[in-house]
């Protein structure tokens, strides 16, 4: 196991052009395992645990994209990477986009998978949280059901794995991260990205819908959009082979 000086956990496998992988909310670097297995034959693959996730240290306060981005920057600086491809999914894609518009050093290409561009209304979120605390609404159950609805292929093992993971998250951390998700608003951020960018999204994704990114390639020639048919939000889990090939092809150009 490898850690930065601030305790951010990462794995570093393979050789070649570096590809840095950022998981989504409540996930870990292990979510990338099927994709890393394919990519490491031709690339140097670095996957990390965001702060508060996996084997990285706790967030230690209010969750934000800036805190998540610091973990990414920490790993990149620790490894002294030159040029690299940055890949994120869901909240990890929002984190990658935040890194890009902040001018993170060495970024050559950006790949956003099912990117979280605009979260829910923060006011609406706070109402739901209040009702949950009163016992009038099971907000966690709503989130779990919405997540499981994104599974487009019948897979009992994956369904049970996701359900157990979300049910086992401590309540304070669960609400800290979901509040971070609700506050995300990056609808104008894509216009500030200058590096070649690939957006991969499912046409049936209801958590991070296609409408949030559909106009991007028409406005910016550096952005490409790949829409996967009959696919939901959990692309790196359900469509790992296809996603790995798209990453490899784009990184190799």
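Numbering (the UniProt record's numbering), first residue to last: 1 to 253.
Every residue gets a Cβ at the ideal spot worked out from N, C-alpha and C, and that includes glycine.
A quick note: this is a predicted structure, and the numbers were derived from the prediction, not measured.
When rounded, the separation of the alpha-carbon atoms in residue 220 and residue 187 is 14 Å.
Between residue 235 and residue 200, the gap from beta carbon to beta carbon is short of 8 Å.
Around the beta carbon of residue 233, 16 or more other beta carbons lie within 10 angstroms, which makes this residue buried.
With a beta-carbon spacing of about 4 Å, residue 197 and residue 110 fall inside the 8 Å limit used to define contacts.
If one requires a minimum length of 4 residues, the alpha helix (DSSP H) runs lying completely within the region 135-184 are 139-149, 156-167 and 171-183, in chain order. Runs of the alpha helix (DSSP H) lying entirely within the region 202-241, each at least 4 residues long, are 216-219 and 235-238 in chain order. Residues of the same chain with a CB within less than 8 Å of the CB of residue 203, apart from the 5 flanking positions on each side, are 210, 227, 228, 229, 230 and 231 in chain order. In the structure shown, residue 107 falls within a strand segment according to DSSP collapsed to helix, strand and coil. For the 8 Å CB-CB criterion, residue 50 and residue 23 form a contact. In the three-state reduction of the DSSP assignment, residue 116 falls in the coil class. Assigned with DSSP and collapsed to three states, residue 51 falls in coil, not helix or strand. In this structure, the beta-carbon distance from residue 87 to residue 19 falls below 8 Å.
In the displayed model, residue 88 falls within a strand according to three-state DSSP. Secondary structure at residue 81: coil, using DSSP grouped into helix, strand and coil. Residue 39 is positioned such that its CB atom lies closer than 8 Å to that of residue 248. By a beta-carbon distance limit of 8 Å, residue 112 contacts residue 97. Their separation comes to about 6 Å. In this structure, residue 101 sits away from residue 244, with a CB-CB distance that is not shorter than 8 Å.
Counting every other CB atom within 10 Å of its CB across the protein chains shown gives residue 94 a total of 16 or more, marking it as buried. Bounds of any alpha helix (DSSP H) do not take in residue 22; it lies within the beta strand (DSSP E) bounded by 18-22. Between residue 114 and residue 90, the C-beta spacing is below 8 Å.
The beta carbon of residue 67 sits closer than 7 Å to those of 51 and 59, all from its chain and outside the five residues before and after it, given in chain order. In terms of Cβ geometry, residue 53 and residue 27 form a close pair [threshold 8 Å]. Straight through space, the alpha carbons of residue 57 and residue 185 are spaced by roughly 26 Å.
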